[in-house]
Amino acid sequence: MSFVIPLNRSNLVQNGYNNTYEFQFRGSAANFTNTEIAIHSISMYNSVYNIDSQSYGNNTLIIKMPTTSTTSTINITIPDGLYSYENLSKFIQTQLVVAGAYLINADGSHVHYIQLSSNATYYACQVDCSPVPITLPAGWTRPATGLYSTGGSGLPTTTRVPILSLTNAAMGSVLGFSIADYPASSQTALQTFLSNITPQIHPISSYVVRCNLVRNQFTVPSDILGTFDKQGTQAGDLISYRPNEHLWLPVSDGSYSNIRVTIVDQNERFCKIRDSDINILLVIKQSEKK
103 MSFVIPLNRS NLVQNGYNNT YEFQFRGSAA NFTNTEIAIH SISMYNSVYN
153 IDSQSYGNNT LIIKMPTTST TSTINITIPD GLYSYENLSK FIQTQLVVAG
203 AYLINADGSH VHYIQLSSNA TYYACQVDCS PVPITLPAGW TRPATGLYST
253 GGSGLPTTTR VPILSLTNAA MGSVLGFSIA DYPASSQTAL QTFLSNITPQ
303 IHPISSYVVR CNLVRNQFTV PSDILGTFDK QGTQAGDLIS YRPNEHLWLP
353 VSDGSYSNIR VTIVDQNERF CKIRDSDINI LLVIKQSEKK
């Protein structure tokens with residue numbers, strides 16, 4: 103005989119991560135003997151941020167913009183969120199606008215001198231650093247305030263490119279770059295860089311489901327019930343996981359007051375699930391006595 107145990111938002115344990123759900127048995131406890139448990143299905147929204155100051159600390163970088171005969175250091179803190187490389191590039195450029203580290207061309211468009219993009223051919227993040235001119239091109243204007251404004255420190259005295267400075271290894275992991283300056287020294291021509299380590303645009307490659315009923319002598323930790331991935335979904339999409347076959351795992355004989363399920367990542371870090379609208383179905387059955 104099999105029993106289905108549903109877990110949803112009403113079973114959420116308030117721990118700040120929305121990753122733990124608890125089903126309380128009626129009465130004081132339930133006794134299990136010769137019992138097995140498996141995941142029937144999991145439905146949850148793709149809402150775990152890839153930039154997260156608390157979970158990963160991967161939200162800071164530095165841009166060194168050329169000005170006069172030196173550089174101006176612009177520290178950038180990225181708000182927690184789900185970003186592509188193009189989204190990160192736009193945010194960085196927005197911060198450079200705030201700092202006045204841009205110019206305005208004859209069409210009234212902002213001209214930026216550093217850009218991030220994805221390069222699928224090389225499985226990499228690409229960083230392009232363009233030379234900042236020493237004088238305004240014809241028809242161009244300066245920003246009203248900030249670095250390159252009339253009242254700012256001004257344009258460089260020698261044409262030079264910006265420098266992406268990575269001092270945060272977790273941010274470097276997202277972009278696929280080791281801790282260093284890119285370029286390493288002052289350069290006057292366009293500089294293009296591709297990730298020099300395997301980029302991890304999202305720190306999570308798979309979700310691991312842990313359950314307090316499971317005691318698996320072959321795994322560490324011993325309470326792993328199963329794993330699933332994002333199923334190819336994008337931010338905000340519904341992740342719908344239903345295994346083709348149930349993976350039955352033994353339940354340690356004993357008395358339990360609850361079933362507790364916790365979702366962590368492949369490195370056993372707590373997943374901070376932003377949308378707690380989740381549905382987990384577990385199946386419990388009595389195994390045949392041997």
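Residues 103 to 392 in this note's numbering are what the sequence shown spells out, letter by letter. Each residue gets a CB set at the ideal place from its N, CA and C atoms; glycine is no exception.
Start and end residues, alpha helix (DSSP H) containing residue i
i           : result
residue 194 : 187-200
residue 275 : 271-277
Cβ neighbours of residue i in the same chain (closer than 7 Å, five flanking residues each side left out)
i           : result
residue 114 : 120, 123 and 378
residue 254 : 202 and 248
residue 297 : 226, 227, 277, 278 and 279
residue 259 : 170, 171 and 236
Residue i - DSSP class collapsed to helix/strand/coil
i           : result
residue 222 : helix
residue 103 : coil
residue 351 : strand
residue 113 : helix
residue 289 : coil
residue 166 : strand
residue 368 : coil
residue 43  : Outside the modelled stretch of the chain, which goes from 103 to 392, sits residue 43, for which no answer is possible.
residue 228 : strand
residue 395 : The requested residue 395 is not part of the displayed model; the chain covers only 103 to 392.
residue 322 : coil
residue 161 : coil
residue 207 : coil
residue 481 : Residue 481 lies beyond the range of the chain shown here (103 to 392); nothing can be said about it.
residue 375 : strand
residue 306 : coil
For residue i, the residue or residues it bridges with in DSSP
i           : result
residue 362 : 124
residue 183 : 153
residue 356 : 134
residue 284 : 266
residue 258 : 170
residue 328 : 311
residue 336 : BP columns for residue 336 are empty, so no partner.
residue 343 : 144
Residues of its chain near residue i, where Cβ-Cβ distance is below 6 Å and the 5 sequence neighbours each way are ignored
i           : result
residue 367 : 306 and 373
residue 157 : 374
residue 272 : 158, 159 and 160
residue 292 : 232
residue 344 : 143
residue 380 : 146
Cβ shell of residue i (< 8 Å), same chain only, five flanking positions each side left out
i           : result
residue 299 : 274, 275, 278, 279 and 280
residue 318 : 324, 325, 326, 351 and 352
residue 206 : 212, 213, 242, 243, 244 and 245
residue 186 : 220 and 303
residue 252 : 244
residue 385 : 104, 105, 106, 107, 139, 140, 141, 142 and 348
Unbroken beta strand (DSSP E) run spanning residue i, endpoints
i           : result
residue 385 : 381-388
residue 313 : 309-313
The ligand COA heavy atom lying under 7 Å from the CB of residue i
i           : result
residue 366 : Of the ligands one can find in the structure shown there are none, so the ligand COA has no counterpart to examine.
Stretch-stretch touch, CB-based, cutoff 8 Å, three pairs: the region 303-323 with the region 136-156: yes
Cβ contact check for the region 185-196 and the region 218-229: 3 or more pairs under 8 Å: yes
Cβ contact (3+ pairs, closer than 8 Å) linking the region 281-295 and the region 257-272: yes
Validate contact between the region 344-362 and the region 309-316 using beta carbons, cut 8 Å, 3 pairs: Put simply, the region 344-362 touches the region 309-316. At least three CB pairs are less than 8 Å apart.
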